[in-house]
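Working notes, beginning with the structure itself.
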Amino acid sequence: MEQTYTWTYNIIRSCNNDYHFNCADALIDLFARKYGEDSNQVQQLKMLRAHKWVTIHGILI
-15 MEQTYTWTYN IIRSCNNDYH FNCADALIDL FARKYGEDSN QVQQLKMLRA
35 HKWVTIHGIL I
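Just so we're aligned: -1 in this note's numbering is position 15 of the sequence shown, and the numbers increase by one with no gaps anywhere.
Below is the structure:
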């Protein structure tokens, strides 16, 4: 599980346009299906994706 998490995490970190986020969403969904929606890693991936989206689009929070 750790290797899959690290791989998914690094892909999300490399997102730099809207099309990449569609792929990131699919990867997070697949990860959640395999390891459980309530796992801590799934929540971390979702938070990373949200943070990366905000960073790319220059949204102030």
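Ideal Cβ placement from N, Cα and C applies to all residues, glycine included.
For clarity, every value in this text was computed on a predicted model and none was experimentally measured.
**Prompt:** Which whole runs of the alpha helix (DSSP H) in the region -3 to 31 are 4 residues long or more, in chain order?
**Reply:** 2 to 19
**Request:** If I'm right that Tyr(-7) touches Leu29 with Cβ under 8 Å, what's the distance once you round it to whole angstroms?
**Result:** On the sequence shown, residue -7 is found 9 positions in, with the first residue counted as 1. On the sequence shown, residue 29 is found 45 positions in, with the first residue counted as 1. Going by Cβ atoms, the distance from Tyr(-7) to Leu29 rounds to 7 Å, so yes, they are a contact pair.
**Request:** Indicate whether at least one CB of chain B lies closer than 9 Å to the CB of Ala10.
**Result:** Looking for chain B here will not work: only one protein chain is present.
**Prompt:** Out of Leu11, Ser(-2), Asn1, Cys7, which has the shortest C-alpha to C-alpha gap to Tyr(-11)?
**Reply:** Counted from its first residue, the sequence shown places residue -11 at position 5. When each option's Cα is compared against that of Tyr(-11), the closest is Leu11.
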